[in-house]
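Comments concern the structure below.
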Amino acid sequence: MEITKYIIEKHGLNLEEFKSIQKLLKRDPNLLELGIFSAMWNEHCSYKSSRLHLKKLPTKGKQVIQGPGENAGVIDIGDDDAIVFKIESHNHPSYIEPYQGAATGVGGILRDVFTMGARPIALLNSIHFGSPSHPKTKTLLNGVVSGIGGYGNCIGIPTVAGETKFNETYNENILVNAMAVGHAQKSKIFYSKAKGIGKSVVYVGSKTGRDGIHGASMASAEFDDNSEEKKPTVQVGDPFTEKLLLEACLELMKDDSIIAIQDMGAAGLTSSSVEMASKGSLGIELELDKVPCREENMTPYEMMLSESQERMLIILEDGKEDHARKIFEKWDLDFVVIGKTTNTKNLIMKFKNKIEGNIPLEALASKAPVYDRKWSKKKLSKKKMELKTLKKVGLEEGLIKILSSPNHSNKSWVTSQYDQMVMCDTAQRSGSDAAVIRIHKKNKAIAVSVDSSANYCKSHPITGGKQIVCENWRNIISVGARPLAITNCLNFGNPENNEVMGEFAECLDGIKEACEFLNYPVVSGNVSFYNGTNKKNIFPTPVIGGVGLIKKLSKPMNHNFKGEKNIILLIGKTFGHLEQSCFLKENFSIVEGIPPEINLVNEKNNGEIILKLIDSGLLKAVHDVSSGGLLVALSEMSIGTNFGIKIQKPKRLTNLIGYFFGEDQGRYVIEIDPSNLDKVVKLLNENNVYHDNLGVTQKEFFEIEGEMKISNKELFKINNHWYNNY
Amino acid sequence: MGKQFQLNSKKNKLRFSVTVTLKKDVLDPQGKVVQNTLLNLGMSNLKNIRQGKFFEIEIDEADQIIAEKKVEEMCQKLLVNLIIEDYKINILK
Amino acid sequence: MGKQFQLNSKKNKLRFSVTVTLKKDVLDPQGKVVQNTLLNLGMSNLKNIRQGKFFEIEIDEADQIIAEKKVEEMCQKLLVNLIIEDYKINILK
Amino acid sequence: MKSSVIVFPGSNCDRDIAVALEKLQFKNKMVWHKETSLPKSDLIVIPGGFSYGDYLRSGAIAGKSLIIDEVIKAANSGCLVLGICNGFQILTETGLLKGTLLRNKNLRFINRDVNIKVLNNQTKFSSKYKSNQILKINIAHNEGNYFTNSKHLDQLKKDNLIAFKYCDKNGNVNESSNPNGALENIAGIYNEKRNILGMMPHPERMVDNIISNTDGINLFSGLIN
Ligand SMILES: Nc1ncnc2c1ncn2[C@@H]1O[C@H](COP(=O)(O)OP(=O)(O)O)[C@@H](O)[C@H]1O
Ligand SMILES: [Mg+2]
Numbered sequence: 006m007e008i009t010k011y012i013i014e015k016h017g018l019n020l021e022e023f024k025s026i027q028k029l030l031k032r033d034p035n036l037l038e039l040g041i042f043s044a045m046w047n048e049h050c051s052y053k054s055s056r057l058h059l060k061k062l063p064t065k066g067k068q069v070i071q072g073p074g075e076n077a078g079v080i081d082i083g084d085d086d087a088i089v090f091k092i093e094s095h096n097h098p099s100y101i102e103p104y105q106g107a108a109t110g111v112g113g114i115l116r117d118v119f120t121m122g123a124r125p126i127a128l129l130n131s132i133h134f135g136s137p138s139h140p141k142t143k144t145l146l147n148g149v150v151s152g153i154g155g156y157g158n159c160i161g162i163p164t165v166a167g168e169t170k171f172n173e174t175y176n177e178n179i180l181v182n183a184m185a186v187g188h189a190q191k192s193k194i195f196y197s198k199a200k201g202i203g204k205s206v207v208y209v210g211s212k213t214g215r216d217g218i219h220g221a222s223m224a225s226a227e228f229d230d231n232s233e234e235k236k237p238t239v240q241v242g243d244p245f246t247e248k249l250l251l252e253a254c255l256e257l258m259k260d261d262s263i264i265a266i267q268d269m270g271a272a273g274l275t276s277s278s279v280e281m282a283s284k285g286s287l288g289i290e291l292e293l294d295k296v297p298c299r300e301e302n303m304t305p306y307e308m309m310l311s312e313s314q315e316r317m318l319i320i321l322e323d324g325k326e327d328h329a330r331k332i333f334e335k336w337d338l339d340f341v342v343i344g345k346t347t348n349t350k351n352l353i354m355k356f357k358n359k360i361e362g363n364i365p366l367e368a369l370a371s372k373a374p375v376y377d378r379k380w381s382k383k384k385l386s387k388k389k390m391e392l393k394t395l396k397k398v399g400l401e402e403g404l405i406k407i408l409s410s411p412n413h414s415n416k417s418w419v420t421s422q423y424d425q426m427v428m429c430d431t432a433q434r435s436g437s438d439a440a441v442i443r444i445h446k447k448n449k450a451i452a453v454s455v456d457s458s459a460n461y462c463k464s465h466p467i468t469g470g471k472q473i474v475c476e477n478w479r480n481i482i483s484v485g486a487r488p489l490a491i492t493n494c495l496n497f498g499n500p501e502n503n504e505v506m507g508e509f510a511e512c513l514d515g516i517k518e519a520c521e522f523l524n525y526p527v528v529s530g531n532v533s534f535y536n537g538t539n540k541k542n543i544f545p546t547p548v549i550g551g552v553g554l555i556k557k558l559s560k561p562m563n564h565n566f567k568g569e570k571n572i573i574l575l576i577g578k579t580f581g582h583l584e585q586s587c588f589l590k591e592n593f594s595i596v597e598g599i600p601p602e603i604n605l606v607n608e609k610n611n612g613e614i615i616l617k618l619i620d621s622g623l624l625k626a627v628h629d630v631s632s633g634g635l636l637v638a639l640s641e642m643s644i645g646t647n648f649g650i651k652i653q654k655p656k657r658l659t660n661l662i663g664y665f666f667g668e669d670q671g672r673y674v675i676e677i678d679p680s681n682l683d684k685v686v687k688l689l690n691e692n693n694v695y696h697d698n699l700g701v702t703q704k705e706f707f708e709i710e711g712e713m714k715i716s717n718k719e720l721f722k723i724n725n726h727w728y729n730n731y
Numbered sequence: 014m015g016k017q018f019q020l021n022s023k024k025n026k027l028r029f030s031v032t033v034t035l036k037k038d039v040l041d042p043q044g045k046v047v048q049n050t051l052l053n054l055g056m057s058n059l060k061n062i063r064q065g066k067f068f069e070i071e072i073d074e075a076d077q078i079i080a081e082k083k084v085e086e087m088c089q090k091l092l093v094n095l096i097i098e099d100y101k102i103n104i105l106k
Numbered sequence: 014m015g016k017q018f019q020l021n022s023k024k025n026k027l028r029f030s031v032t033v034t035l036k037k038d039v040l041d042p043q044g045k046v047v048q049n050t051l052l053n054l055g056m057s058n059l060k061n062i063r064q065g066k067f068f069e070i071e072i073d074e075a076d077q078i079i080a081e082k083k084v085e086e087m088c089q090k091l092l093v094n095l096i097i098e099d100y101k102i103n104i105l106k
Numbered sequence: 261m262k263s264s265v266i267v268f269p270g271s272n273c274d275r276d277i278a279v280a281l282e283k284l285q286f287k288n289k290m291v292w293h294k295e296t297s298l299p300k301s302d303l304i305v306i307p308g309g310f311s312y313g314d315y316l317r318s319g320a321i322a323g324k325s326l327i328i329d330e331v332i333k334a335a336n337s338g339c340l341v342l343g344i345c346n347g348f349q350i351l352t353e354t355g356l357l358k359g360t361l362l363r364n365k366n367l368r369f370i371n372r373d374v375n376i377k378v379l380n381n382q383t384k385f386s387s388k389y390k391s392n393q394i395l396k397i398n399i400a401h402n403e404g405n406y407f408t409n410s411k412h413l414d415q416l417k418k419d420n421l422i423a424f425k426y427c428d429k430n431g432n433v434n435e436s437s438n439p440n441g442a443l444e445n446i447a448g449i450y451n452e453k454r455n456i457l458g459m460m461p462h463p464e465r466m467v468d469n470i471i472s473n474t475d476g477i478n479l480f481s482g483l484i485n
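Okay, here's the thing in structure tokens:
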């Protein structure tokens, strides 16, 4: 079959890239080989547009066992315990088929984690939808939430945290990012680097079907006998099989039968075999006749490019085949030796006693294209908000608008569809600043949270990049955990657009600066470009997933007020920054100006002191101040408890709206017993941490003297009706 | 509910069945598990089983063409996930 | 997995469909929600909808009577919860 | 006290219940579904999860497994059997308990803490609870909407075989305290001999104050003597 220009384009390759392929092969590729190049050289697998920028990120630290470059990052939490985690996007599939797209997104990220020898202990997700009034949003929301729940609930891993946001920038391109966190023994972590020649390459898991053979499938239709239309088929998740695969893999990992293991994710058999062999500087030879197939008459092309789910590739030590086979058969899973490692440094594919493809591995991996794409700096808005020009809004009115908006409404409609308790180690569920998961049978725990701020990143990518890292760090600190490391999912528009590439470069600069300063390294992540349609790119939406450690867990700290007549302090300075604030957006539909600045010195200082206060047992409740500002933070601490606030207006002359709704960074609200006030204030002063004494907690009412008074029950209702009426 | 009880005049009603099945090539995890279980239960000459959905729909409409269009619309709008499923409409009785 | 690939000889295969529906006196939460949703979507002449399951079964057996018995057995042993569900078997083609 | 937890492919609360049982000093064994005999046990637990993915009907395929015949035998000879969540669904599929568990009336998975009321504290499972005691227990299911025919319902009531009903925190049993549409708010039932208990709420999730509360402990500790 002749490789035409049309076929090359259908494979997402440009002519330049095709010429490089010819040069690397010193001949024309055949269709199978072209398909393999297309899979390995696409943006998703090769990181060709992002690689140069990703290099900037800090990835090292005492706590880091494995940084980016493996299936997931690994960090040290003391003793023999390690935490393995990563986040991944499944945006496009979820837009086409929300339930299955989201479900298979969860399945995929779980495999990345248990491939490394970790038992998954928590799932998180960050989901972004278009405007609630967009005709597709409701169906997408329903499908995505039930898909995430459907998979996690069935496999029995708690979904404990996440974020759900609406913004019209996602009308035609939703974001579905899933994060998985696992626990492993430090001494038993498995990697994907192949070692040794003549070792068995084993296929385990589900059978291979024609799922997810994307743009490429058009080309293959031409030489197919049946003229039946070939739409790219959607992958259907099978969480039951994944559960079996998880248990079987962990069982096999108890001894040392495995040399290397890799899940078959994007580009399935292709990327898994290429990655394992190229990391080990080896060759690999596959006998495709042996690949377990779900459909009849599958071609080598289809087998190599299928993205069927719930499959793994393993390289076994000599003589371990029977032992391993027994385990997989016990769990009713396919187990087939489909090839071996070689010293050729080539990927060789045989089918029906014929060599169907032969590609030097370096051509697919290290020689894949890398682009230094043009990018332009963001032109920053100079716009300052003049409140005077706007209609006057009272504190209560402004608060109600925010609390009843889709973005700030209580998320229990979402989170009650996720099993948060299974495994019985969830010490703090969704709804708090960070979820807390105990390490099984130990008294230490980890805290996890995911965060993003698309509006901030759009208007000022560097500040936005810093801010999401800091917000994540604050969330982890608010539950009393020491932040250790992050993973990141970089959702951006078309990288061939200078502005998008600029947003990417500058967001990464911001992330880098904050991570470096806070010693909060990046250990894994994922890049998703081309989010958008018809030249309209989504707002830059990097998502940060952070993990922290609680060395000794008693009852975890959370943001709910605990009693009456306790003192409420605001930690950190308030300037009243309203540009890009939630207050202006929800009350006036104004999204303008630049977001509040990040002061990393204060950020770190304030965070450290909060941790110290929690550790000394001096705090009853802690909440970070983020979107919506101080008043929203206070209301979140009241809603769902029997205690509200009784506070005074600030004594100094300030604009009340700015004071209560401004989104200045690096702030926390804390609740303390009056008897501890002196101790706490002394510590704050010693450490140069600014604080305001706001007032006290009281029973059942939320009150700013002389300004507003509303019952907790009423606040609860306001905060709870949106989802149920949507 | 919003729906009123209607007089039972047989002439005005038509009944349809809709069967919804997964498209060929789409993974059918349910069918797979059911098939294995039946084989384990000794049903050795079971060659293949696929699972789908079934709806019985009664329409207040005497004209078959109009009624069938309604059912078609229900399938497209709600009952069927057109990305992964096919469907067939049959008139009953 | 246990199942071997079989020679493709058309004579030896029979295909059946099985529809499984909830018994009349059993609550059908799913059907009810589907019905309400359709009514809300403006399908006002929808009188009634009930949801069930559908199976397509292929049997390696030339004799229709024997094959049908096999399908019957599958229903009784696994596919149908006889306490709450009814079923119907049809031969296909 | 010796206990056995039956593990099916797709069970996922098996570890949780084992931890709870061991915490309460049961000598517990895990029993894989392909086994054909049960270790000697005073209590058999069928745990929650998604046995076989719950792919046909929840609990249906597990109800046909080899080990289930042994469970039925043991149950008929008086051994205590506890089915939680998926375990309850499996027990109804085997016929050891009557009725069935339909989809939740909102057709969504529900995970949250709910209140349930102890209706009968005269059984081995409930003797440590007070009559009408209100417990706060986590539920997590898609199909927890209990349904049975009216004859059986009458019998459940007459013979005091309803174990728990969903209620609010003040004990009111009504539609707004019914999370899933279950007939008369039924959250758990006994068989006639009261040696088999099936319940949708997860008592094993409520045995540790750091994680939740300890309202589930008495169900297990009541069995030890
Ligand atoms: N934004 C990022 N920051 C840091 N590391 C990244 C980022 N994106 C990808 N990586 C790393 O690059 C490697 C390849 O990523 P990916 O292709 O998504 O993994 P997989 O093949 O498991 O899906 C991984 O180790 C991942 O952690
Ligand atoms: Mg991977």
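Chains as they are written, first to last, in the numbering used here: chain Y, 6 to 731; chain P, 14 to 106; chain U, 14 to 106; chain R, 261 to 485.
Don't be surprised by glycine CBs; every beta carbon is placed ideally from N, CA and C.
From a predicted model like this one, the values you see are computed outputs, not experimental measurements.
On the CB-based measure, 16 or more other CB atoms within 10 Å of its CB, does Y:Arg657 come out buried or exposed?
By 1-based counting over the first sequence, the position of residue 657 of chain Y is 652. The residue in question, Y:Arg657, is exposed, as its Cβ has fewer than 16 Cβ neighbours within 10 Å.
From what residue to what residue does the beta strand (DSSP E) around R:Lys289 run?
Mapped onto the fourth sequence, residue 289 of chain R falls at position 29. Counting along the chain, the beta strand (DSSP E) containing R:Lys289 begins and ends at Lys287 to Trp292.
Assuming U:Lys82 and U:Thr32 make a contact with CB atoms under 8 angstroms, what is their CB distance in whole Å?
By one-based count along the third sequence, residue 82 of chain U stands at place 69. By one-based count along the third sequence, residue 32 of chain U stands at place 19. With 8 angstroms as the limit, U:Lys82 and U:Thr32 do not qualify as a contact, their Cβ atoms being about 18 angstroms apart.
Would you mind stating whether R:Met466 and R:Gly482 have Cβ atoms separated by less than 7 angstroms?
If you number the fourth sequence from 1, residue 466 of chain R lands on position 206. If you number the fourth sequence from 1, residue 482 of chain R lands on position 222. No, the Cβ-Cβ distance between R:Met466 and R:Gly482 is not below 7 angstroms.
What are the uninterrupted segments assigned as beta strand (DSSP E) that are 3 or more residues long and contained completely in the stretch 334-378 of chain Y, given in chain order?
339-347, 351-356 and 359-365
Quick one: Cα of U:Met56 to Cα of Y:Thr174, how far?
Position 43 of the third sequence, counted from the start, is the residue given in the question as residue 56 of chain U. Position 169 of the first sequence, counted from the start, is the residue given in the question as residue 174 of chain Y. C-alpha separation (whole angstroms): 32 angstroms.
With 16 as the cutoff for other CB atoms within 10 Å, does Y:Arg32 come out buried or exposed?
On the first sequence, residue 32 of chain Y is found 27 positions in, with the first residue counted as 1. Exposed, by the Cβ-count rule.
Between R:Met261, R:Pro299, R:Phe268 and R:Gly355, which has its C-alpha nearest R:Gln285's C-alpha?
Locating residue 285 of chain R in the fourth sequence gives position 25, where the first residue counts as 1. That would be R:Met261, whose Cα lies nearest to the Cα of R:Gln285.
So R:Ala320 contacts chain U; which residues on that side make the cut at Cβ distance below 8 angstroms?
Mapped onto the fourth sequence, residue 320 of chain R falls at position 60. Per Cβ cutoff of 8 angstroms: Leu91 and Asn94.
So what does DSSP say about Y:Glu102, is it helix, strand or coil?
One-based indexing of the first sequence puts residue 102 of chain Y at position 97. The answer is coil: DSSP assigns Y:Glu102 none of H, G, I, E or B.
So, is the C-beta of P:Val39 closer than 7 angstroms to a C-beta in chain R?
Here residue 39 of chain P corresponds to residue number 26 of the second sequence, with the count starting at 1. Closer than 7 angstroms: no.
Within 7 angstroms, strictly: CB atoms of P:Leu51 and U:Met87
Counted from its first residue, the second sequence places residue 51 of chain P at position 38. Counted from its first residue, the third sequence places residue 87 of chain U at position 74. Cβ distance < 7 angstroms, so P:Leu51 and U:Met87 count as in contact.
DSSP-derived helix/strand/coil call for Y:Asp81:
The count along the first sequence starts at 1 and reaches residue 81 of chain Y at position 76. If DSSP states are grouped into helix, strand and coil, Y:Asp81 belongs with the strands.
Identify which residue in Y:Val532, Y:Ser54 and Y:Asn412 has its Cα closest to the Cα of Y:Phe134.
Taking the first residue of the first sequence as position 1, residue 134 of chain Y is located at position 129. It is Y:Asn412 whose Cα lies nearest to the Cα of Y:Phe134.
Going by DSSP in three states, Y:Phe42 sits in which element: helix, strand or coil?
Here residue 42 of chain Y corresponds to residue number 37 of the first sequence, with the count starting at 1. Helix.
Span of the beta strand (DSSP E) holding U:Glu69?
For this step, residue 69 of chain U is matched to residue 56 along the third sequence. Leu59 to Asp73 is the extent of the beta strand (DSSP E) around U:Glu69.
Which one or two residues does DSSP pair with Y:Ser454 in a beta bridge?
To locate residue 454 of chain Y, count along the first sequence from 1; it is residue 449. Y:Ser454 pairs with Y:Gly551.
My understanding is that R:Ile277 touches R:Val331, with C-beta atoms under 8 angstroms, so please give their C-beta distance in whole angstroms.
One-based indexing of the fourth sequence puts residue 277 of chain R at position 17. One-based indexing of the fourth sequence puts residue 331 of chain R at position 71. That belief does not hold up - the Cβ atoms of R:Ile277 and R:Val331 are roughly 15 angstroms apart, past 8 angstroms.
Identify the contact partners of P:Val46 in chain Y, using a Cβ-Cβ distance below 8 angstroms as the criterion.
Here the question's residue 46 of chain P lines up with position 33 in the second sequence. Chain-ordered, the chain Y residues with CB closer than 8 angstroms to the CB of P:Val46 read Phe245.
Span of the alpha helix (DSSP H) around Y:His58
Residue 58 of chain Y sits at position 53 when you count from the first residue of the first sequence. For Y:His58, the enclosing alpha helix (DSSP H) starts and ends at Arg56 to Leu59.
For chain Y, is any of its Cβ atoms less than 7 angstroms away from the one on P:Ile97?
The residue labelled residue 97 of chain P in the question sits at position 84 within the second sequence. Judged by the 7 angstroms Cβ criterion, P:Ile97 is in contact with chain Y.
Just to confirm before moving on: does the CB-CB distance between Y:Gly515 and Y:Gly581 stay below 7 angstroms?
Counting from 1 along the first sequence, the entry for residue 515 of chain Y is found at position 510. Counting from 1 along the first sequence, the entry for residue 581 of chain Y is found at position 576. No.
Based on the DSSP output, what are the partners of Y:Gln267 in its beta bridges?
Reading the first sequence from its first residue, position 262 is the one you call residue 267 of chain Y. In DSSP, Y:Gln267 forms a bridge with Y:Leu318.
For Y:Ala185, write down the residues that DSSP places opposite it in a beta bridge.
Translated into positions along the first sequence, residue 185 of chain Y becomes position 180. According to DSSP, which records beta bridges pairwise, Y:Ala185 is partnered with Y:Lys91 and Y:Leu128.
Can you confirm whether the stretch 699-708 of chain Y touches the stretch 106-114 of chain Y when touching is taken to mean that 3 or more C-beta pairs between the two stretches lie within less than 8 angstroms?
no
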